[in-house]
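Worksheet: the structure to be examined is printed underneath.
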Amino acid sequence: MLKGDNIFLRPLILPDAEELLLLQNKNRSFFSNYSTTRSANYWSLEAQQALIEKREQNKQKDIEYYFGIYDNNAHKLIGTISLFQVVRGDIQSAFIGYFLDQEQNGKGFATESVKLIVNYAFNTLHLHRIEAGVKPHNIGSMRVLEKAGFHKEGISVKNVKINGIWEDHQMLAIINPND
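Quick note: the sequence shown uses numbering that gives the first Met the number 0, first residue 0, plus one each step.
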């Protein structure tokens with residue numbers, strides 16, 4: 000578990016699938032503006048259980064680290080954050096992705112989550128670089144990353160398909176200061 004002042008991160012386990020599904024469904028419309036297209040069965044308990052199992056397997060393979068974001072006071076799941084596409088060897092990098100319950104936006108929880116997982120990536124996993132892609136109009140997410148120390152690197156043109164449309168993404172990165 001990674002503990003912050005207002006939130007904590009912990010790996011999701013199978014019993015969390017129901018709470019994750021409720022969070023996903025509650026924010027389905029909101030998340031659809033920023034997420035890749037989801038199949039119809041994605042929105043089922045079985046699919047969420049399978050995703051949690053797959054992410055645990057990916058952790059064992061050292062290619063993905065997936066955490067639930069929990070409010071310290073309510074101990075309630077309010078989002079997820081992950082390091083994925085982990086590459087070792089001479090690269091030592093990963094991408095970061097996260098989502099937060101729309102009702103929790105603007106409270107600093109996403110920024111705190113990103114700072115916690117970056118610290119974990121650099122000091123526990125010994126990664127050199129973490130990258131993020133954000134739709135250019137998603138100013139809130141851009142601000143989260145910049146507050147956590149990420150810097151803008153450029154635009155990836157039409158690199159992710161969202162709602163059937165290839166979308167540009169602002170690329171941001173942070174480098175391990177210990178390297």
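Built from N, CA and C at the ideal position, the CB exists for glycine as well.
Extent of the continuous alpha helix (DSSP H) run through residue i
i	result
Asp35	Looking at the sequence itself, residue 35 is Thr, so the reference to Asp does not match. That residue, Thr35, is in no alpha helix (DSSP H); it is neither H nor E in DSSP.
Top-ranked residue by Cα proximity to residue i, from the options
i	options	result
Ser140	Arg128, Val156, Met170, His127	Met170
Ser81	His74, Arg87, Gly88, Phe94	Phe94
Asp4	Ile51, Ile68, Leu19, Arg27	Ile68
Ile173	Lys146, Glu63, Val156, Glu111	Lys146
Ile116	Ile90, Phe83, Asn137	Phe83
Arg65	Asn137, Val143, Ala120, His150	One point to set straight first is that residue 65 is Tyr, not Arg, in the sequence displayed. Comparing Cα positions, the closest option is Ala120.
Gln47	Asn71, Asp70, Tyr33, Ile12	Ile12
DSSP bridge partner residues for residue i (one or two, in chain order)
i	result
Ser92	Val86, Arg128
Phe149	Phe149 is not bridged to any residue.
Lys75	According to DSSP, which records beta bridges pairwise, Lys75 is partnered with nothing at all.
Ser155	His168
Leu1	Leu8
Straight-line gap, residue i to residue j (C-alpha atoms, nearest Å)
i	j	result
Gly132	His168	5 Å
Ile154	Glu130	13 Å
Asn40	Ala73	30 Å
Asp178	Ser38	41 Å
Lys134	Ile161	10 Å
Gly78	Gly88	31 Å
Glu45	Glu17	9 Å
Lys58	Ile51	11 Å
Leu20	Arg9	17 Å
Gln103	His125	30 Å
Gln56	Arg142	32 Å
Met0	Ile138	29 Å
Glu179	Ile6	Because the chain spans 0 through 178 in this model, residue 179 falls outside it and cannot be assessed.
Asp61	Val85	7 Å
Residue range of the beta strand (DSSP E) that includes residue i
i	result
Met170	164–174
Leu8	6–10
For this session: Pick out the complete alpha helix (DSSP H) segments inside the region 102–136, 4 residues or longer, and give them in chain order.
Result: 108–122
For this session: Identify every run of the beta strand (DSSP E) within the region 17–73, keeping only runs that are complete inside it and at least 3 residues long; order them along the chain.
Result: 63–70
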